[in-house]
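If you count the sequence shown from 1, position 161 lands on 161 in UniProt numbering, and the numbers rise without skipping. Working notes for the structure below.
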Amino acid sequence: MRPPMTLANEVPALLARMGVTLTSGALPAHSPITGERLAAIAENSAAEAGAAIDAAQAAFRQWRNVPAPKRGELVRLWAEELRAHKADLGRLVSIEVGKVVSEGLGEVQEMIDICDFAVGLSRQLYGYTIASERPDHRMMETWHPLGVVGVISAFNFPVAVWSWNTALALVCGNAVVWKPSEKANLSALAAHAMLERAIARFNAEGGKAPAGLNGLLIGGRALGEALVDSPKVALVSATGSTRMGREVGPKVAARFGRSLLELGGNNAAIVSPTASLDLTLRGVAFAAMGTAGQRCTTLRRLFLHDSIYDAFLPRLKAAYASVKVGNPLEQGVLVGPLIDQGALDAMQKALAEARAAGGTVHGGEVVQTMGGAYARPALVEMLDQIGPVLHETFAPILYVMKYSDFDATLEKHNEVPQGLSSSIFTNDMREAETFLSARGSDCGIANVNIGPSGAEIGGAFGGEKETGGGRESGSDAWKAYMRRATNTLNYGSTLPLAQGVTFDIG
Ligand code: NAD
């Protein structure tokens, strides 16, 4: 008799197709969809973490000598592996962190996109040529690889964020050691295996990618701390909660290492009287309920102008009431589970605090189904921006507030400690431009007529204040993975000094 088709039965076949053989051990992997145990795998030790960092450092010393466009060729092969396995990896991500199918696939597409970007970038690591004040002199900037890049990633983008970092770090000439989220180790093993396969193909075609270029550490926070504490790790790129960043940032700074922090958000949208309400409804619904509210860019605060409040809120409530919550692998479901019971408890606690602060809660009920931690997304009408509204609760809660004065609302928009993403829905050019101006949104991402989530890889991604200040992905974010040297060349036969200084030694 064939065994019943459970996720635990499906995962080994998925992993096998992606070339992953698990080493069994004590570390369990669960699916938030059913709560079932998918596997129990081996955890790396502190000694193995040290060895991976050493191997990466040795690899870096060789990799930095490979011309950047050749390094790009490795990333091109990696993108081929990802294209070939998009369906399997996307499904594994959905199974392991509970994303709906199109979002699991979208996560892998984002990996492919950043690889393509990095391949082009491998021929564009440009530095300036600078006019010198001295005759017969030339100044320029050159960009050099940094060393070992430690990547610490969060559960909610279990593989994309690593690839944002790794694609750029590799073309920039660095080696990478990755500590994925302890809640998404299987996705990490699969994604890592694809890069390993690309490395093998690259070397088979005559490339020179050294062993140790692509380290992976499976385990808990202590392995992240090993990256943070090691002076051999030149850059720590850490994505996760502000609590984590508060610990990581000062430790890396104390050893004069570099950190790139991508931390929590508390993202808002302002809906002005001139907004197109149909478009706004779709934008708000996706940004607030997508990924079950578990995106760093999830919309959490909504400021509705009082002239449209009564027209818009009932439509939003209807959208919330109609959205299907349940198994994210099923068609038509838009909201899957929260990652675990702790997340569900945190959601219920925030809703209780909102009620205590005078809020009116619509939705948010726990949904008993399939053994996972499910809840209906919650809309909370608040009289003011107080209590839980000021914090990031990593769950689908949208706090709705009424406003009348645009400038006062901009102030409120910026009042929270986080500064990741933001948006305004308006057809008033003055409001739109003000929102994007120096006195507008104080976030790293500011949008007009789209919600705050769902960024493309072409732009630099990241935020200000307690979001950590880091930028990764597109634009010139690559500069974080390199060190800059300023060079002055004298092609004359005298030695004039800058600023007219004289120093004649006779
Ligand atoms: P988390 O902070 O619990 O864990 C993130 C990672 O950090 C994990 O790999 C964990 O093992 C590691 N870690 C935790 N403490 C550490 C320490 N002291 N030293 C070294 N490593 C440590 O976050 P999570 O629950 O996995 O993810 C959700 C959070 O991540 C949310 O706050 C969300 O906003 C944030 N996030 C931010 C971005 C962004 O780009 N700004 C992207 C995704 C997620």
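Just so you know, even glycine gets a beta-carbon here, dropped at the ideal spot from N, CA and C.
request  = Return yes when the C-beta of Gly238 is under 8 Å from any heavy atom of the ligand NAD, and no when it is not.
outcome  = Here residue 238 is taken as the residue at index 238 of the sequence shown, counted from 1. The sequence as given places Ala at residue 238; Gly does not occur at that position. Because some heavy atom of the ligand NAD lies under 8 Å away, the Cβ of Ala238 counts as near it: yes.
ask   = Does the ligand NAD have a heavy atom nearer than 8 Å to the CB of Glu433?
value = Start at 1 with the first residue of the sequence shown, and residue 433 comes out as number 433. No, the ligand NAD has no heavy atom inside 8 Å of this Cβ.
query = Can you tell which of Leu279, Val11, Lys324 has its C-alpha closest to the C-alpha of Thr291?
reply = Start at 1 with the first residue of the sequence shown, and residue 291 comes out as number 291. Selected option, being the one with the closest Cα: Lys324.
request  = On a CA-only basis, which of Ala346, Val11, Ala375, Val380 is nearest His362? Give me that one, please.
outcome  = As a working mapping, residue 362 is identified with position 362 in the sequence shown. Comparing Cα positions, the closest option is Val380.
task = Note down, in chain order, each residue of its chain lying with its Cβ closer than 7 Å to the Cβ of Glu73, except the 5 sequence neighbours on either side.
result = If you number the sequence shown from 1, residue 73 lands on position 73. Only Phe202, Gly207 meet the Cβ criterion.
inquiry  = Which complete beta strand (DSSP E) runs does the segment 425-497 hold, if anything under 3 residues is left out?
reply    = 445-448, 482-490
query = In angstroms, rounded to a whole number, what distance separates the CA positions of Lys251 and Ser259?
reply = Numbered from 1 along the sequence shown, position 251 holds the residue referred to as residue 251. Numbered from 1 along the sequence shown, position 259 holds the residue referred to as residue 259. Straight-line Cα distance between these residues: approximately 10 Å.
inquiry  = According to DSSP, is Glu225 part of a helix, a strand, or is it coil?
reply    = Here residue 225 corresponds to residue number 225 of the sequence shown, with the count starting at 1. Helix at Glu225.
query = Nearest CA to the CA of Ala68: which residue from Asp504, Met482, Val501?
reply = Working through the sequence shown from its first residue, we reach residue 68 at position 68. When only C-alpha atoms are compared, the closest one is Met482.
ask   = Taking 8 Å as the line, does the beta carbon of Pro231 fall inside it for any heavy atom of the ligand NAD?
value = By 1-based counting over the sequence shown, the position of residue 231 is 231. Answer for Pro231: no, Cβ out of range of the ligand NAD.
query = How would you write the range of the alpha helix (DSSP H) that Tyr320 sits in, first residue to last?
reply = Counting from 1 along the sequence shown, the entry for residue 320 is found at position 320. That run of the alpha helix (DSSP H) goes 306-322.
inquiry  = Could you check whether Pro377 and Leu398 sit closer than 9 Å to each other, using their CB atoms as the reference points?
reply    = For the purposes of this step, residue 398 is identified with residue 398 of the sequence shown, where counting begins at 1. For the purposes of this step, residue 377 is identified with residue 377 of the sequence shown, where counting begins at 1. Against a cut-off of 9 Å, the Cβ pair of Pro377 and Leu398 comes out as a contact.
query = So does Lys412 have its beta carbon nearer than 8 Å to some heavy atom of the ligand NAD?
reply = Counting from one through the sequence shown, the residue named residue 412 turns up at place 412. Every heavy atom of the ligand NAD is 8 Å or more from the Cβ of Lys412, so no.
Contacts around residue 514, its chain only, beta-carbon distance under 6 Å, and the 5 residues preceding and following it disregarded = Look at the range of the chain in this structure, 1 to 506, and you will see that residue 514 is not part of it.
query = Which whole-angstrom value describes the C-beta separation of Ala285 and Thr298, a residue pair presumed to lie in contact below a C-beta threshold of 8 Å?
reply = Here residue 285 corresponds to residue number 285 of the sequence shown, with the count starting at 1. Here residue 298 corresponds to residue number 298 of the sequence shown, with the count starting at 1. Going by Cβ atoms, the distance from Ala285 to Thr298 rounds to 12 Å, so no, they are not a contact pair.
inquiry  = Taking the straight line between their C-alpha atoms, what separation do you get for Ala350 and Pro337?
reply    = Numbered from 1 along the sequence shown, position 350 holds the residue referred to as residue 350. Numbered from 1 along the sequence shown, position 337 holds the residue referred to as residue 337. One C-alpha to the other measures close to 17 Å.
request  = With a cut-off of 8 Å on the beta carbons, I'd call Asn156 and Val97 a contact; round off their distance for me.
outcome  = Translated into the one-based positions of the sequence shown, residue 156 becomes position 156. Translated into the one-based positions of the sequence shown, residue 97 becomes position 97. That pair is a contact at about 7 Å.
task = Mind reading off the beta-carbon distance from Lys412 to Leu304? Whole number of angstroms is fine, and I expect it under 8 Å.
result = Reading the sequence shown from its first residue, position 412 is the one you call residue 412. Reading the sequence shown from its first residue, position 304 is the one you call residue 304. Wrong, their Cβ atoms sit about 13 Å apart, outside the cutoff.
task = Mind checking which residues open and close the beta strand (DSSP E) that includes Val380?
result = Here residue 380 is taken as the residue at index 380 of the sequence shown, counted from 1. Looking at the DSSP string, the run of the beta strand (DSSP E) that includes Val380 is 378-381.
task = Return the first residue and the last residue of the beta strand (DSSP E) that Val236 is part of.
result = On the sequence shown, residue 236 is found 236 positions in, with the first residue counted as 1. That run of the beta strand (DSSP E) goes 233-239.
message = Taking only three categories from DSSP, how would you classify Thr298?
response = By 1-based counting over the sequence shown, the position of residue 298 is 298. Coil.
message = Tell me the residue span of the beta strand (DSSP E) that contains Met139.
response = Here residue 139 refers to the residue found at position 139 when the sequence shown is read from its first residue. 137-145 is the extent of the beta strand (DSSP E) around Met139.
query = Ile270 to Ala432, Cα distance in whole Å?
reply = Taking the first residue of the sequence shown as position 1, residue 270 is located at position 270. Taking the first residue of the sequence shown as position 1, residue 432 is located at position 432. Straight-line Cα distance between these residues: approximately 10 Å.
message = What residue range does the alpha helix (DSSP H) around Met111 cover?
response = The sequence position of residue 111 within the sequence shown is 111, counting from 1. Unbroken alpha helix (DSSP H) run through Met111: 101-121.
key: Same chain, Cβ closer than 7 Å to Val367, neighbours up to 5 away in sequence not counted   = Counting from 1 along the sequence shown, the entry for residue 367 is found at position 367. Excluding positions up to five away in sequence, the list reads Val325, Tyr374, Ala375, Arg376.
Beta-bridge pairing of Ala29 - partner residues as DSSP gives them = Along the sequence shown, read from residue 1 onward, the residue named residue 29 stands at position 29. In the DSSP output, where bridge partners are listed per residue, Ala29 has Ala39.
request  = Have a look at Ile152 and Glu247 and give me their C-alpha separation to the nearest angstrom.
outcome  = Mapped onto the sequence shown, residue 152 falls at position 152. Mapped onto the sequence shown, residue 247 falls at position 247. Straight-line Cα distance between these residues: approximately 13 Å.
key: Own chain partners of Thr166 with C-beta closer than 6 Å, once the 5 adjacent residues on each side are dropped   = Start at 1 with the first residue of the sequence shown, and residue 166 comes out as number 166. Only Val176 meet the Cβ criterion.
ask   = Between the C-alpha atoms of Ile53 and Ser241, what's the straight-line distance to the nearest angstrom?
value = Within the sequence shown, numbered from 1, the residue matching residue 53 stands at position 53. Within the sequence shown, numbered from 1, the residue matching residue 241 stands at position 241. Straight-line Cα distance between these residues: approximately 24 Å.
query = Can you give the Cα-Cα distance for Ile33 and Arg484, rounded to whole angstroms?
reply = Taking the first residue of the sequence shown as position 1, residue 33 is located at position 33. Taking the first residue of the sequence shown as position 1, residue 484 is located at position 484. Roughly 46 Å between the two C-alpha positions.
query = In the segment 155-219, which residue ranges form an unbroken beta strand (DSSP E) of at least 3 residues, counting only runs that do not cross its ends?
reply = 175-179, 214-216
query = Should Met244 and Gly224 be called a contact, given that it needs their Cβ atoms to be closer than 9 Å?
reply = Counting from 1 along the sequence shown, the entry for residue 244 is found at position 244. Counting from 1 along the sequence shown, the entry for residue 224 is found at position 224. Result yes, Cβ atoms of Met244 and Gly224 sit closer than 9 Å.
inquiry  = Rounded to whole angstroms, what is the Cα-Cα separation between Phe425 and Ala321?
reply    = On the sequence shown, residue 425 is found 425 positions in, with the first residue counted as 1. On the sequence shown, residue 321 is found 321 positions in, with the first residue counted as 1. Their backbone Cα atoms lie some 23 Å apart in a straight line.
request  = Check whether the Cβ of Ile53 sits closer than 8 Å to any heavy atom of the ligand NAD, and report yes or no.
outcome  = On the sequence shown, position 53 is the one that residue 53 refers to. For the ligand NAD, not one heavy atom lies less than 8 Å from the Cβ of Ile53.
ask   = Is Leu263 near the ligand NAD, with its Cβ less than 8 Å from a heavy atom?
value = For the purposes of this step, residue 263 is taken as residue 263 along the sequence shown, with counting starting at 1. Residue side-chain check: Leu263 places its Cβ nearer than 8 Å to a non-hydrogen atom of the ligand NAD.
query = Taking all protein chains shown into account, do 16 or more other C-beta atoms lie within 10 angstroms of the C-beta of Leu316, making it buried, or fewer, making it exposed?
reply = One-based indexing of the sequence shown puts residue 316 at position 316. That one is buried.
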